[in-house]
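>
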Amino acid sequence: MPKGLVIIISAPSGTGKSTICQRLLKSRRNIRYNVTCTTRAPRPGETDGRHYFFVDREEFKRRIRNHEFVEWAMVHDQYYGVPRSFLESTVEKGLDVLLAIDVQGAQTLKRKYPDCVLIFLLPPSITTLKERLQSRREASESLAKRLANSRGELGAAKNYDYLVVNDDLDKAVSHISSIITAEGLRLSRRRQVDLDHLVR
Ligand code: ADP
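Following the working numbering, the numbering of the sequence shown begins with 1 at its first residue and continues without gaps.
1. Using only alpha-carbon positions, find the residue among 61, 87, 59 and 71 that is nearest to residue 34.
2. Within its chain, find whatever has a CB closer than 6 Å to the CB of residue 81; leave out the 5 residues flanking it on each side and keep chain order.
3. Leaving out five residues on either side along the sequence, give the residues of the same chain with a beta carbon under 8 Å from the beta carbon of residue 109.
4. Does ligand 1 have a heavy atom nearer than 7 Å to the CB of residue 27?
5. I'd like to check one pair, residue 176 with residue 24: are the Cβ atoms closer than 8 Å?
6. Three-state secondary structure (DSSP) at residue 169?
7. Are residue 93 and residue 4 touching if we call contact CB-CB under 8 Å?
8. How would you write the range of the alpha helix (DSSP H) that residue 27 sits in, first residue to last?
9. Cα separation between residue 50 and residue 18?
10. Mind the definition here: the stretch 150–169 touches the stretch 50–60 only if three or more C-beta pairs lie below 8 Å; say whether that holds.
11. Under the criterion of a Cβ to heavy atom distance below 7 Å, does residue 135 qualify as lining ligand 1?
12. Which class does residue 103 belong to by DSSP, given the choice of helix, strand or coil?
13. With 16 as the cutoff for other CB atoms within 10 Å, does residue 126 come out buried or exposed?
14. Just verifying my parser: in three-state terms, what is the DSSP assignment at residue 45?
15. Note down, in chain order, each residue of its chain lying with its Cβ closer than 8 Å to the Cβ of residue 2, except the 5 sequence neighbours on either side.
Right, here's the structure in full:
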């Protein structure tokens, strides 16, 4: 069975990664979300095990020592890590895995999984990004920090395979879905047997 795809979505905080991932999970059957582990506090409406695995710093450090993360990083003074076991067992089953991770994490994953698909989501403008962060009722100190970080993150967009602007949500979801479909059809990912049986 061919392995599933590893699909990575990055964007400055507030661009719409979580919203788009939830929509893709509803609309595509063969896709699973690789839930990130973090020490940051849950926001209203976020549930443990669905949006993130929320753990304290001691537990996070224990998991680092046990090599339980494919990669981990400190972002906005909080730890974030990608659990290894779910990702590897899911692609082995032929299912695609979706990850919403920051630009440093994406580069590490690209080194570990060179076949992964890197998608960068862009906000229509900095003003819109600010409005979206505000709509999430971020504390103002955290809002300022996230906006300051956005510039650096936007600079990393050039290392990605695809750029998608999240202006109209339906359109952005549809574009990302098309990318996933096309990547799954790449000749280099098809099993030799697909071709053998046609030319026989
Ligand atoms: P991220 O996961 O990238 O930090 P979120 O998915 O939490 O961002 O989105 C931030 C805010 O912007 C949320 O309130 C969300 O509902 C809103 N949002 C996301 N995409 C769009 C869009 N295309 N148009 C308008 N609002 C959006």
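Ideal Cβ positions, reconstructed from N, Cα and C, are used throughout, including at glycine.
Concretely, from the data shown:
1. The count along the sequence shown starts at 1 and reaches residue 34 at position 34. The shortest C-alpha separation from residue 34 is found at 87.
2. Position 81 of the sequence shown, counted from the start, is the residue given in the question as residue 81. Cβ neighbours of residue 81 within its own chain (closer than 6 Å, five residues either side excluded): 37, 69 and 72.
3. Counting from one through the sequence shown, the residue named residue 109 turns up at place 109. Closer than 8 Å at the Cβ level, and outside the excluded window around residue 109, lie 6, 8, 70, 71, 82, 99, 101 and 116.
4. The sequence position of residue 27 within the sequence shown is 27, counting from 1. For ligand 1, not one heavy atom lies less than 7 Å from the Cβ of residue 27.
5. For this step, residue 24 is matched to residue 24 along the sequence shown. For this step, residue 176 is matched to residue 176 along the sequence shown. Contact annotation: residue 24 and residue 176 have beta-carbon atoms nearer than 8 Å.
6. As a first step, residue 169 must be located in the sequence shown, where it is residue number 169. Helix, per DSSP.
7. Position 93 of the sequence shown, counted from the first residue, corresponds to residue 93. Position 4 of the sequence shown, counted from the first residue, corresponds to residue 4. Contact: yes.
8. Taking the sequence shown and counting its residues from 1, one reaches residue 27 at position 27. Per DSSP, residue 27 belongs to the alpha helix (DSSP H) from 17–27.
9. Residue 50 sits at position 50 when you count from the first residue of the sequence shown. Residue 18 sits at position 18 when you count from the first residue of the sequence shown. Inter-residue distance for residue 50 and residue 18 is about 11 Å (C-alpha atoms, whole angstroms).
10. Fewer than three Cβ pairs drawn from the stretch 150–169 and the stretch 50–60 lie within less than 8 Å of each other, which leaves the two stretches out of contact.
11. Reading the sequence shown from its first residue, position 135 is the one you call residue 135. Yes, the beta carbon of residue 135 sits closer than 7 Å to at least one heavy atom of ligand 1.
12. Working through the sequence shown from its first residue, we reach residue 103 at position 103. Helix.
13. Translated into positions along the sequence shown, residue 126 becomes position 126. Exposed is the call here.
14. For this step, residue 45 is matched to residue 45 along the sequence shown. DSSP places residue 45 in coil when its eight states are reduced to three.
15. As a position in the sequence shown, residue 2 is number 2, starting the count at 1. Close CB contacts of residue 2 within its chain, under the 8 Å cut and outside five residues either way in sequence, are with 94, 189, 190 and 191 (chain order).
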